[in-house]
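First comes the structure, then the notes that go with it.
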Amino acid sequence: MSSNIQSQSAEKPQFYLEEDHHPEGSTNLGFWLYLMSDCLIFATLFATYAVLGRNYAAGPSPADLFDLKLVAINTAMLLFSSITYGFAMLQMERGAKQETLFWLGITGLFGLAFLGIELYEFYHMIHEGATPQRSAFLSAFFTLVGTHGLHVTFGIIWLVTLMVQVSKHGLIHENRRRLMCLSMFWHFLDVVWIGVFSVVYLMGVVG
Amino acid sequence: MTTNSTSHEDAHEAHHGHSHGHEAGHGSFKSYMTGFILSVILTAIPFWLVMGDVLDSKVATIAAIMIIGAIQIVVHMVYFLHMNTKSEGGWTMMALIFTVIIVAIALIGSLWVMHHLNTNMMVMSPEMMKNLP
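Written as structure tokens, this is what we have:
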């Protein structure tokens, strides 16, 4: 194989320039490294919550504040958005542009539903006086869950951007690579959410 | 131009065949559905345990939540993020193992140190509190 390339490049030196697509392969690894560093941000926030999560300062406790039905619906929204993004990726592999856009749109709607429910929960808590300033528990809670929500927000902005890109330019190689990166980002947020609902909501209510 | 791009495609396809990096993103309908159904079950169990007040002991409930959560994270990694030991020549797995170690140190270390700080803190008497700056 290598001797073949060498002999060809000896005949036509410009051939080698055309095959210059090797940096492509490292995008996945690079993006994975970004996700791992993002993981460290969440690790520090989880550690903060684990340390401060019981310091209520005579304020409300998780059992007083959290509505587990709402959290269950929220979790379902994020899980549905994960599987619909998976369907979008499968349609992308087939090269079906309209179906890819359709499933990306559904994913975006589930993401928006998740954000809407989370913002409603935050609004409700702040309305009851459970603001981030109230206690160390609430500071840690809003920082951790808020950071996750912020990631989902940027994920949705990215998703809409890619939907515009795909509808304008089609499923070209660059767009496939971008969709691949967003897919990893989106599934990663779902993984972080598993930690959030287990540690913050469920374990908080158990006490 | 067209021949140029097709030859590029061919070269790319040929490269695709023996590359290790690109397989990372390729799942099938079946693998996505398997992951989804497993996730639904693994999400429903802890919510049911807490909302239905199924187990008497708090420690058992918390242990169950932690274990099921850890299993679900692995399910997501395998079926949605397509983690395996071969993608990118094993470097994604290396990065993941490194991250897991750092995360474990950060979490366990914080809890350990702060727990000892709390338990070894001197208890304040009312007189001491009055004299606080």
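Residue numbers (the numbering used here), protein chains in the order written: chain H, -17 to 189; chain S, 16 to 148. Ideal Cβ placement from N, Cα and C applies to all residues, glycine included. Keep in mind that this is a model prediction, so the values were computed, not measured.
Find out if the Cβ-Cβ distance for the pair Met145 of chain H, Leu83 of chain H is shorter than 7 Å. What you label residue 145 of chain H is simply residue 163 of the first sequence in a count that begins at 1. What you label residue 83 of chain H is simply residue 101 of the first sequence in a count that begins at 1. The answer is yes: Cβ separation under 7 Å.
Do Thr107 of chain S and Trp14 of chain H count as a contact pair if the criterion is CB distance below 7 Å? One-based indexing of the first sequence puts residue 14 of chain H at position 32. One-based indexing of the second sequence puts residue 107 of chain S at position 92. Closer than 7 Å, so yes.
Does Trp63 of chain S pass the burial test, meaning 16 or more other C-beta atoms within 10 Å, or should it be called exposed? Residue mapping note: residue 63 of chain S aligns to position 48 of the second sequence, counting from 1. Exposed, by the Cβ-count rule.
Every unbroken beta strand (DSSP E) within the segment 32 to 95 of chain S, with a cutoff of 3 residues, ordered by chain: none
Given this structure, state the Cα-to-Cα distance separating Gly90 of chain H from Leu50 of chain H, to the nearest angstrom. One-based indexing of the first sequence puts residue 90 of chain H at position 108. One-based indexing of the first sequence puts residue 50 of chain H at position 68. Approximately 24 Å between the Cα atoms of the pair.
Along the chain, where does the alpha helix (DSSP H) that runs through Ala118 of chain H open and close? Residue 118 of chain H sits at position 136 when you count from the first residue of the first sequence. Ala118 to His151 is the extent of the alpha helix (DSSP H) around Ala118 of chain H.
For Ser43 of chain S and Leu72 of chain H, I'd like the C-alpha separation in whole angstroms. Translated into positions along the second sequence, residue 43 of chain S becomes position 28. Translated into positions along the first sequence, residue 72 of chain H becomes position 90. When rounded, the distance between both Cα atoms is 7 Å.
Return the chain-ordered list of same chain residues with a C-beta closer than 7 Å to the C-beta of Val53 of chain H, the five sequence neighbours on each side being excluded. Residue numbering aside, residue 53 of chain H sits at position 71 when the first sequence is read from its first letter. Closer than 7 Å at the Cβ level, and outside the excluded window around Val53 of chain H, lie Phe179 and Tyr183.
Given a threshold of 16 other Cβ atoms within 10 Å of its Cβ, counted over all protein chains shown, does Pro141 of chain S qualify as buried or as exposed? Within the second sequence, numbered from 1, the residue matching residue 141 of chain S stands at position 126. Answer is exposed; the Cβ neighbour count stays below 16.
Note down, in chain order, every chain S residue with its Cβ under 7 Å from the Cβ of Thr26 of chain H. Your numbering for residue 26 of chain H matches position 44 in the first sequence. Result: Ala121.
Verify the CB distance criterion: does Cys163 of chain H have a CB-CB separation below 7 Å to chain S? Within the first sequence, numbered from 1, the residue matching residue 163 of chain H stands at position 181. It does not; no Cβ of chain S falls within 7 Å.
Ala75 of chain S versus Gln80 of chain H: straight-line alpha-carbon distance, rounded: The residue given as residue 75 of chain S occupies position 60 in the second sequence. The residue given as residue 80 of chain H occupies position 98 in the first sequence. Looking at the two C-alpha atoms, the distance is approximately 48 Å.
With respect to the alpha helix (DSSP H) encompassing Pro44 of chain H, which residues constitute its N-terminal and C-terminal limits? The sequence position of residue 44 of chain H within the first sequence is 62, counting from 1. Taken as a continuous stretch (DSSP letters only), the alpha helix (DSSP H) holding Pro44 of chain H covers Pro44 to Leu47.
Check whether the Cβ atoms of Thr129 of chain H and Leu27 of chain H sit closer than 7 Å, and answer yes or no. Working through the first sequence from its first residue, we reach residue 129 of chain H at position 147. Working through the first sequence from its first residue, we reach residue 27 of chain H at position 45. It is a contact, given that the beta carbons lie within the stated cut-off.
Which stretch, first to last residue, makes up the alpha helix (DSSP H) that contains Gly177 of chain H? Along the first sequence, one-based indexing puts residue 177 of chain H at 195. First-last of the alpha helix (DSSP H) with Gly177 of chain H: His155 to Gly177.
Would you mind giving the Cβ-Cβ distance between Leu120 of chain H and Ala112 of chain H, rounded to the nearest angstrom? I have them listed as a contact below 8 Å. Locating residue 120 of chain H in the first sequence gives position 138, where the first residue counts as 1. Locating residue 112 of chain H in the first sequence gives position 130, where the first residue counts as 1. Contact flag correct, Cβ pair sits at about 6 Å.
Ignore the nearest five residues each way along the sequence and tell me which others in Leu34 of chain H's own chain have a CB closer than 8 Å to its CB. On the first sequence, position 52 is the one that residue 34 of chain H refers to. The residues are Ala118, Phe119, Ser121 and Ala122.
Between Ala39 of chain H and Ala29 of chain H, what straight-line distance do the alpha-carbon atoms span, to the nearest angstrom? Residue 39 of chain H sits at position 57 when you count from the first residue of the first sequence. Residue 29 of chain H sits at position 47 when you count from the first residue of the first sequence. In a straight line, the C-alpha of Ala39 of chain H is about 19 Å away from that of Ala29 of chain H.
Given this structure, state the Cα-to-Cα distance separating Met74 of chain H from Asn10 of chain H, to the nearest angstrom. As a position in the first sequence, residue 74 of chain H is number 92, starting the count at 1. As a position in the first sequence, residue 10 of chain H is number 28, starting the count at 1. Cα-Cα distance, rounded: 17 Å.
Tell me which same chain residues have a C-beta within less than 6 Å of the C-beta of Leu126 of chain H, skipping the five on either side of it? Residue 126 of chain H sits at position 144 when you count from the first residue of the first sequence. Taken in chain order, the residues that qualify are Leu27 and Tyr31.
Excluding the 5 residues preceding and the 5 following Met107 of chain H in the sequence, name in chain order all residues of the same chain whose CB lies nearer than 7 Å to its CB. In the first sequence, the residue the question calls residue 107 of chain H occupies position 125. Same-chain partners within the cutoff: Leu47.
With a cut-off of 8 Å, do at least 3 Cβ pairs link the segment 84 to 98 of chain S to the segment 44 to 54 of chain S? yes
For Pro114 of chain H, three-class secondary structure by DSSP: Here residue 114 of chain H corresponds to residue number 132 of the first sequence, with the count starting at 1. Residue state, collapsed to three classes: coil.
Looking only at its own chain, which residues have a Cβ that is under 6 Å from the Cβ of Phe62 of chain H, when we skip the five neighbours before and after it? In the first sequence, counting from the first residue as 1, residue 62 of chain H sits at position 80. Cβ neighbours of Phe62 of chain H beyond the five flanking positions: Phe92.
Contact belief for Val187 of chain H with Pro44 of chain H at Cβ below 8 Å, rounded distance in angstroms: As a first step, residue 187 of chain H must be located in the first sequence, where it is residue number 205. As a first step, residue 44 of chain H must be located in the first sequence, where it is residue number 62. Contact holds; Cβ gap of about 6 Å.
Going by other Cβ atoms of all chains shown within 10 Å of its Cβ, with 16 needed for buried, is Trp85 of chain H buried or exposed? For the purposes of this step, residue 85 of chain H is taken as the residue at position 103 of the first sequence. The residue is buried, with at least 16 neighbouring Cβ atoms inside 10 Å.
So, helix, strand or coil for Arg76 of chain H, using DSSP? Residue numbering aside, residue 76 of chain H sits at position 94 when the first sequence is read from its first letter. Helix at Arg76 of chain H.
Run through DSSP, which three-state label would Lys145 of chain S get? One-based indexing of the second sequence puts residue 145 of chain S at position 130. Of the three classes helix, strand and coil, the one that applies to Lys145 of chain S here is helix, per DSSP.
Any beta carbon from chain S within less than 7 Å of Trp175 of chain H's own beta carbon? The sequence position of residue 175 of chain H within the first sequence is 193, counting from 1. Judged by the 7 Å Cβ criterion, Trp175 of chain H is not in contact with chain S.
Which class does Ala119 of chain S belong to by DSSP, given the choice of helix, strand or coil? Here residue 119 of chain S refers to the residue found at position 104 of the second sequence. Here Ala119 of chain S sits in helix by DSSP.
Hey, quick one: how far does the alpha helix (DSSP H) through Tyr31 of chain H stretch, first residue to last? Here residue 31 of chain H corresponds to residue number 49 of the first sequence, with the count starting at 1. From DSSP, the alpha helix (DSSP H) with Tyr31 of chain H extends over Ser8 to Leu34.
Please classify Phe113 of chain S: is it buried, with 16 or more other beta-carbons within 10 angstroms of its beta-carbon, or exposed? As a first step, residue 113 of chain S is located in the second sequence; it is residue number 98 there, counting from the start. When all chains shown are included, Phe113 of chain S counts as exposed.
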